[in-house]
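*Asks:*
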Amino acid sequence: MESNRKVQYLAAFSVSLAFLAVGACSAWPTPVLLKFHNNETSVVISNTEISWMLGLNPIGFLIGSFTARFVIDKFGRRYTLLASMVPVVVGTVIAVSVTIGWMLMMTQFLWSFGTAILCTVQGIYFAEIADKDIRGTLSLSTRYMFNLGNLLVIGAGPFISYQTLNLCLLFIPLTFLIASFWIPETPYYYLKEDKVNEARKVLMQLRGIKDEKELDSQLALIEMNVKEDMTRSSSVKQLFSGAKYRKAIMIVSGLKITSIFTGTVTIRQYFGRILQEGRIPKEMEGTVFIVFGAVGFLTAIVASVLVDRLGRRPLLIGSYIVTGVCLAAIGIYFFLQDAVLVDSAAMSPYGYLPFIGILLVTVSSTIGFNSIVNFMPAELFPLNVKAIAMSLNGILSGVLGFAIAKSYQDIKDLCGIYTVFWIFTVFSCAGGVFCYYLVPETKGKGLAEIQEMLQSPWLELRTYDGTAKFNIGDNKDSEEERASLTEVTKI
Numbered sequence: 002m003e004s005n006r007k008v009q010y011l012a013a014f015s016v017s018l019a020f021l022a023v024g025a026c027s028a029w030p031t032p033v034l035l036k037f038h039n040n041e042t043s044v045v046i047s048n049t050e051i052s053w054m055l056g057l058n059p060i061g062f063l064i065g066s067f068t069a070r071f072v073i074d075k076f077g078r079r080y081t082l083l084a085s086m087v088p089v090v091v092g093t094v095i096a097v098s099v100t101i102g103w104m105l106m107m108t109q110f111l112w113s114f115g116t117a118i119l120c121t122v123q124g125i126y127f128a129e130i131a132d133k134d135i136r137g138t139l140s141l142s143t144r145y146m147f148n149l150g151n152l153l154v155i156g157a158g159p160f161i162s163y164q165t166l167n168l169c170l171l172f173i174p175l176t177f178l179i180a181s182f183w184i185p186e187t188p189y190y191y192l193k194e195d196k197v198n199e200a201r202k203v204l205m206q207l208r209g210i211k212d213e214k215e216l217d218s219q220l221a222l223i224e225m226n227v228k229e230d231m232t233r234s235s236s237v238k239q240l241f242s243g244a245k246y247r248k249a250i251m252i253v254s255g256l257k258i259t260s261i262f263t264g265t266v267t268i269r270q271y272f273g274r275i276l277q278e279g280r281i282p283k284e285m286e287g288t289v290f291i292v293f294g295a296v297g298f299l300t301a302i303v304a305s306v307l308v309d310r311l312g313r314r315p316l317l318i319g320s321y322i323v324t325g326v327c328l329a330a331i332g333i334y335f336f337l338q339d340a341v342l343v344d345s346a347a348m349s350p351y352g353y354l355p356f357i358g359i360l361l362v363t364v365s366s367t368i369g370f371n372s373i374v375n376f377m378p379a380e381l382f383p384l385n386v387k388a389i390a391m392s393l394n395g396i397l398s399g400v401l402g403f404a405i406a407k408s409y410q411d412i413k414d415l416c417g418i419y420t421v422f423w424i425f426t427v428f429s430c431a432g433g434v435f436c437y438y439l440v441p442e443t444k445g446k447g448l449a450e451i452q453e454m455l456q457s458p459w460l461e462l463r464t465y466d467g468t469a470k471f472n473i474g475d476n477k478d479s480e481e482e483r484a485s486l487t488e489v490t491k492i
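Its first residue numbered 2, the sequence shown is counted upward by one per residue in the numbering used here.
What follows is the structure, encoded as structure tokens:
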């Protein structure tokens, strides 16, 4: 069976190279902000420009997510994946070429614009090419490649020049474009475009099926699912007014809000500055950067193994709880240091607490919500609104990301860094409660079976046993829809 999935694994690896590129770009501020602070570059940039540079990152993500909604269905999943690297390459060329601080705002904008398109289409692509029992594992392969990109930049960044770092970033997306030009389109997209023969060839390639009857049977099941999905409207209005989409919208929005406001992205961006404020010995800065990047990478590999074994729900709930405890502990440390003004000699033995706390936050969030929240939306929305829903999810990420990027420094200056960490703690705990009561388990379920599951009452979602009860007011389907859903739950 594993040999039949060779193309799925190779396609996943090829796509994951794009996440190596955007992971490296995402970690770029971590060593570079310290270089700016220590005047180690020729770039002239103020703290205000740095704030706006980081603030434009989520704005680029917002606009990229909006753009992806049109590109994915117009040109297909494959071409959208390849095109997502073009703005990343252009942004890196700008970083290599300029010495003016405000021009780096364009670099961050283009990087996040390409990242948004990539993240939006990747979830759809893997959901449509992967067998259901390895869908989570393949989706998370992108996460550990993203974290490998983090590791390379965070680990090497402090020890190489600013210009050398930027040139290295240019090499990775070009490698992806060369290695991924062969990847197939998805059978779902071909069927959506009424290209049945192409869908048949791709399905044979992806599943390694040689038996004609089995191939025709699987193709018929997917085609039934696609036709059932495409009979419904795919407008934004329909997404928000359609009763059957409300649960998915609430689940995805809740996960996105709580995951972003745990502050893990902001903590990574300001990692070096946070450690300096925590009074970690200066001679240890290079070492802790390497350890930080390595832990993130190794944890992502562990997450890819656990997600299809333990399931989404346990990892989500556990990661939110552990992250909340660690964030609270970091907040207490800074409260004692900055508000209570405990003597520095008394605090000195605990100087590594912020670093250890951030490491544990990285481990727990990477194993759980930071990984799962990226691919779960593609599992929860049906084909007819998937591109719209994923784009809107990205837009929400951009809005929330901009809010937290711009407010971090203001709240820190006004109320102290400990207040920031305690705000993160509240959202992390809220995320755990939200997941316990409202997030269903999708492990091992086909895409059509997940749609059937979402027709169950809220209270039955977390204990769903595979038999949906269609007796709840605004979530009723027609008899024909119920029958078709039942037929295709094996997909």
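A virtual CB, placed ideally from N, CA and C, is assigned to each residue, including glycine.
Small disclaimer: the values here were computed from a predicted structure and weren't measured.
1) Can you give me the C-alpha to C-alpha distance between valine 253 and phenylalanine 147, rounded to a whole angstrom?
2) What is the rounded straight-line gap between the Cα of lysine 36 and the Cα of valine 440?
3) How many Å lie between tryptophan 103 and tryptophan 53 at the Cα?
4) I believe arginine 201 touches tyrosine 126 by the beta-carbon criterion, under 8 angstroms. Please report the beta-carbon distance rounded to the nearest angstrom.
5) Buried or exposed: proline 185, going by 16 or more other Cβ atoms within 10 Å of its Cβ?
6) Excluding five sequence neighbours on each side, which residues of the same chain lie with their C-beta closer than 6 angstroms to the C-beta of asparagine 58?
7) Entirely within the stretch 102-152 and at least 4 residues each: give me those alpha helix (DSSP H) ranges in chain order.
8) Would you mind sorting phenylalanine 376 into buried or exposed? The rule is 16 or more other CB atoms within 10 Å of its CB.
9) If we ignore side chains and look at the alpha-carbon of each, how far apart do threonine 420 and isoleucine 261 end up?
10) Considering only residues of the same chain and omitting the five flanking positions on each side of alanine 13, which have a CB-CB separation below 6 angstroms?
11) What is the C-beta distance between asparagine 394 and proline 378, in whole angstroms, given that I count them as a contact (C-beta under 8 angstroms)?
12) For valine 45, which three-state DSSP category applies?
13) Looking only at its own chain, which residues have a Cβ that is under 6 angstroms from the Cβ of tyrosine 191, when we skip the five neighbours before and after it?
14) Could you give the first and the last residue of the continuous alpha helix (DSSP H) run that contains tryptophan 183?
15) Using 8 angstroms as the threshold, is the stretch 314-332 in touch with the stretch 420-431, meaning 3 or more CB pairs across them?
16) Quick one: is threonine 468 buried, meaning 16 or more other Cβ sit within 10 Å of its Cβ, or exposed?
17) Taking its Cβ as the centre, do 16 or more other Cβ atoms sit within 10 Å of arginine 6, making it buried, or is it exposed?
18) So serine 429 packs on threonine 324, CB below 8 angstroms; how close in whole Å?
19) Starting from the C-beta of isoleucine 451, find all residues in its chain whose C-beta is less than 6 angstroms away, skip the five residues before and the five after it, and write them out in chain order.
20) Determine contact between the stretch 145-163 and the stretch 15-31, defined as no fewer than three beta-carbon pairs at a distance below 8 angstroms.
21) When you compare only the Cα positions, how much space is there between leucine 311 and lysine 248?
22) Nearest to serine 1 by CA position, among Gly156, Leu171, Ala340, is which residue?
23) Between which two residues does the alpha helix (DSSP H) harbouring threonine 420 extend?
24) Can you tell me where the alpha helix (DSSP H) holding glycine 332 begins and where it ends?
25) Under 6 angstroms Cβ to Cβ from lysine 407, same chain only, skipping five residues before and after it: list those, please.
26) How about the stretch 80-94 and the stretch 352-359: do they share at least three Cβ pairs that are nearer than 8 angstroms?
27) What does a CB cutoff of less than 8 angstroms around glutamine 206 pick up in its chain, not counting 5 residues either side in sequence?
28) Start and end of the alpha helix (DSSP H) containing methionine 348?
29) Consult DSSP for serine 457 and reduce its assignment to one of helix, strand or coil.
30) How about isoleucine 373 and leucine 317: are their beta carbons less than 7 angstroms apart?
31) With C-beta atoms as the reference, is glycine 1 less than 7 angstroms away from leucine 119?
32) Please check the pair asparagine 1 and alanine 449, which I expect to be a contact at CB under 8 angstroms, by giving their CB distance rounded to whole angstroms.
33) Among Gly319, Met391, Ser15, which residue has its Cα nearest to the Cα of isoleucine 179?
34) Measuring CB to CB, does phenylalanine 370 end up less than 7 angstroms from serine 320?
35) In the DSSP assignment, the alpha helix (DSSP H) including isoleucine 268 goes from what residue to what residue?
*Replies:* Working from what's here:
1) 21 angstroms
2) 42 angstroms
3) 9 angstroms
4) The pair is not a contact, with the Cβ atoms about 19 angstroms apart (cut-off 8 angstroms).
5) buried
6) Gln109, Ser113
7) 104-130
8) buried
9) 17 angstroms
10) Leu139, Ser142
11) 5 angstroms
12) strand
13) Glu199, Ala200
14) Note, tryptophan 183: premise wrong, no alpha helix (DSSP H); not H, not E.
15) yes
16) At threonine 468 the pLDDT is 44, less than 50, meaning the model places this residue with poor confidence and gives no usable figure here.
17) buried
18) 5 angstroms
19) Glu380, Thr443
20) yes
21) 23 angstroms
22) Residue 1 lies beyond the stretch modelled for the chain, which goes from 2 to 492, so this question has no answer here.
23) 418-439
24) 313-335
25) Gly56
26) no
27) Val8, Pro185
28) 345-348
29) coil
30) yes
31) Only positions 2 to 492 of the chain appear in the structure, and residue 1 is not among them; the question remains open.
32) Because residue 1 is not part of the residues shown, which for the chain are 2 to 492, the question remains open.
33) Ser15
34) yes
35) 265-270
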